Ligand code: MSP
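Residue numbers (the numbering used here): 6 to 516.
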């Protein structure tokens with residue numbers, strides 16, 4: 006894959022219940038990286054979808070008294086609608102019940118059989134339906150008379166059944182070498198260390214088929230078995246590129262994936278099993294897996310039983326989608342958990358959006374409308390204070406691409422919002438309102454620089470708050486083809502004078 010192509014994915018979601026804030030967070034984070042790289046002139050393919058097989062889904066369907074496929078059709082639609090409400094810019098939405106996906110899973114299975122990495126035996130051990138994961142004896146404890154996983158806290162059940170196994174143990178050393186040679190494969194570094202320690206402690210062969218239920222992709226040539234849902238699900242990243250047709254333009258352009266964005270709970274599957282399956286099937290592993298933290302509600306993990314699940318749709322209706330996107334991206338810092346609350350959401354909307362960026366746009370636009378007939382002349386003659394603002398801004402922008410290349414979104418946002426803060430301060434200090442009819446040229450120059458700053462900030466915030474920034478960029482008459490990061494390399498955003506169109510209030514302050 007060439008450097009100019011960027012393939013990014015969210016985890017495909019289990020359509021077992023209604024989507025919640027954790028799903029929203031994971032999706033928006035991925036969307037922000039995708040939008041940023043599009044603005045960075047890369048060719049981006051952004052994939053999301055639903056993970057529809059396995060016991061967890063079969064049980065959810067039974068509870069709803071629906072046939073599993075009917076259940077999935079219904080809930081997958083809800084996730085698809087969520088993607089649109091979250092304003093995701095995904096290029097595809099894959100469902101693992103689609104025939105293109107079945108084809109890819111069959112091919113992977115056949116390759117693993119051919120390479121000698123799969124054998125038939127019997128599984129005896131613990132299984133968590135809610136995690137769709139096998140746990141070792143030392144990962145299970147008893148709590149309130151129930152066996153649970155120490156890793157996730159989910160309840161586990163004892164399983165004994167005929168099963169195909171993947172020779173994961175044979176990949177231990179090769180995986181360790183792979184991590185060494187690709188030291189940016191897992192980010193953040195703390196998660197990389199966690200994975201390496203787990204692999205070093207010894208890998209057991211992995212059961213990759215089930216015989217005690219039927220809702221899954223049938224194992225080729227042995228339809229007593231269905232493929233283990235994680236081997237099935239991970240393959241979605243290939244199916245969407247029309248694998249096994251490796252001559253397909255999507256596959257050629259976008260594999261290996263640039264970035265799988267996932268939550269920390271599913272790191273083991275993506276950072277251990279997935280590269281092992283791929284290496285065994287003679288397919289290049291992805292370039293990176295980024296494991297983000299968890300969204301907590303008022304310091305606690307969200308759960309139905311605690312009744313603290315914040316519903317993203319209700320929040321969008323009440324506060325707006327850009328407001329939710331900005332808040333979630335700001336509150337959860339690079340790979341750590343983040344605690345969210347309505348109070349903090351409201352404070353964040355007021356401080357960063359209404360009082361800072363929103364106020365900057367509103368005050369400059371209304372001043373230019375009322376005093377300059379919506380028109381500001383281009384200038385290159387900058388005062389000492391202008392130059393100071395320009396220098397401070399370039400200091401804050403010089404590392405932005407690198408920060409995003411390392412998924413360091415919080416640092417990125419901090420820098421961009423600082424530029425907005427500094428620009429507001431510059432306007433307060435320069436007091437252009439005192440210059441009207443006294444020094445119109447200087448007043449014009451201050452406004453030109455202020456509008457230029459607004460244009461830069463809007464392009465930089467565009468991946469996070471696309472709707473509001475597009476309104477501003479449109480009011481600045483900046484065409485689509487110029488809404489990119491070329492200005493970071495010194496290219497002019499405005500070639501001529503700036504003609505503005507009216508701009509409505511962007512963010513209402515919450516009292
Ligand atoms: N179906 C699997 C993924 C298969 S990818 C080949 C799955 N689905 S999920 O719906 O349970 O979770 C999807 C993503 O949402 C995961 O990355 C998970 O970490 C994330 N989140 C679920 N709850 C979360 C929070 N409370 N906070 C942040 N993200 C969490 O896992």
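The beta-carbon is built from N, C-alpha and C at its ideal position, and this holds for glycine as well.
Since the structure is predicted, the reported quantities are computational estimates derived from the model, not experimental observations.
Practice task
For residue 270, verify whether its CB is less than 8 Å away from any heavy atom of the ligand MSP.
Solution key: yes
Exercise for the section: Give the straight-line distance between the Cα atoms of residue 154 and residue 364, rounded to the nearest whole angstrom. Expected result: 50 Å
Problem - Where residue 382 falls: helix, strand or coil (DSSP) - result: coil
Exercise for the section: Could you give the DSSP three-state label for residue 402: helix, strand or coil? Expected result: helix
Exercise for the section: Report yes if the CB atom of residue 374 is closer than 9 Å to the CB atom of residue 353, and no otherwise. Expected result: no
Exercise for the section: Could you tell me whether the Cβ atoms of residue 282 and residue 113 are closer together than 9 Å? Expected result: yes
Handout entry: Coarse secondary structure for residue 22, derived from DSSP in three states
Key = coil
Exercise for the section: Confirm the yes/no value for this check: CB of residue 276, any heavy atom of the ligand MSP, distance under 8 Å. Expected result: no
Handout entry: Spatially closest choice to residue 138 from 111, 213, 177, 187, by CA coordinates
Key = 213
Practice task
Could you check the C-alpha separation between residue 378 and residue 507 for me, to the nearest Å?
Solution key: 11 Å
Practice task
Please list, in chain order, all residues of the same chain as residue 44 whose beta carbon is under 8 Å from its beta carbon, the five residues on each side excluded.
Solution key: 464, 467, 468, 488, 489, 490
Practice task
Could you name each continuous beta strand (DSSP E) segment of 3 residues or more that falls completely within the region 27 to 106, going from the start of the chain to the end?
Solution key: 48 to 55, 97 to 100
Practice task
Inspect the beta-carbon positions of residue 526 and residue 14 and report whether they are closer than 9 Å.
Solution key: A question about residue 526 goes unanswered here, because the residues of the chain that appear run from 6 up to 516.
Problem - Contact belief for residue 47 with residue 9 at Cβ below 8 Å, rounded distance in angstroms - result: 5 Å
Handout entry: Cβ pair residue 233, residue 246 closer than 9 Å
Key = no
Exercise for the section: Report, in whole angstroms, the separation of the C-beta atoms of residue 405 and residue 493, which I expect to be a contact under 8 Å. Expected result: 7 Å
Exercise for the section: Please find out if some non-hydrogen atom of the ligand MSP comes closer than 8 Å to the beta-carbon of residue 76. Expected result: no
Practice task
Indicate the three-state DSSP secondary structure (helix, strand or coil) for residue 547 in the structure shown.
Solution key: Since the first residue shown for the chain is 6 and the last is 516, residue 547 is missing from the structure and cannot be characterised.
Problem - For residue 299, the first and last residue of its enclosing alpha helix (DSSP H) - result: Note, residue 299: premise wrong, no alpha helix (DSSP H); not H, not E.
Problem - the region 174 to 184 in contact with the region 268 to 282 per 3-pair CB rule at 8 Å - result: yes
Problem - Delimiting residues of the alpha helix (DSSP H) encompassing residue 166 - result: Looking at the DSSP string, residue 166 is not in any alpha helix (DSSP H); the run it does join, the beta strand (DSSP E), is 162 to 171.
Practice task
Just list the beta strand (DSSP E) runs in the region 223 to 288, keeping only unbroken ones of 3 residues or longer that don't cross its boundaries, in chain order.
Solution key: 227 to 232, 264 to 268
Handout entry: Option in 58, 32, 52, 34 with minimal Cα separation from residue 21
Key = 58
Problem - Nearest neighbour of residue 348, chosen from 361, 332, 342, 53 [CA to CA] - result: 332
Handout entry: CA-to-CA distance, residue 124 to residue 302, given in whole angstroms
Key = 44 Å
Handout entry: Pairwise C-alpha distance: residue 412 and residue 455
Key = 29 Å
Practice task
Tell me whether residue 1 sits in a helix, a strand or coil according to DSSP, three-state version.
Solution key: This structure does not reach residue 1, given that the chain is present from 6 up to 516, and the question cannot be answered.
Handout entry: Segment limits, alpha helix (DSSP H) that includes residue 4
Key = Because the chain in this structure spans residues 6 to 516, residue 4 falls outside the shown range and cannot be described.
Exercise for the section: Can you tell me which of 175, 98, 70 puts its alpha carbon nearest to the alpha carbon of residue 120? Expected result: 175
Problem - residue 476 beta carbon less than 9 Å from that of residue 380 - result: no
Practice task
Check whether the region 128 to 137 touches the region 163 to 174, taking contact to mean three or more Cβ pairs, one atom from each stretch, closer than 8 Å.
Solution key: yes
Problem - C-alpha gap between residue 230 and residue 92, whole angstroms - result: 39 Å
Practice task
Taking only heavy atoms of the ligand MSP into account, decide whether any of them is closer than 8 Å to the Cβ of residue 36.
Solution key: no
Handout entry: C-alpha distance - residue 248 paired with residue 239, whole-angstrom precision
Key = 13 Å
Handout entry: Simplified DSSP assignment, three categories, for residue 217
Key = coil
Exercise for the section: Let me know the secondary structure DSSP gives residue 11 once reduced to three states. Expected result: strand
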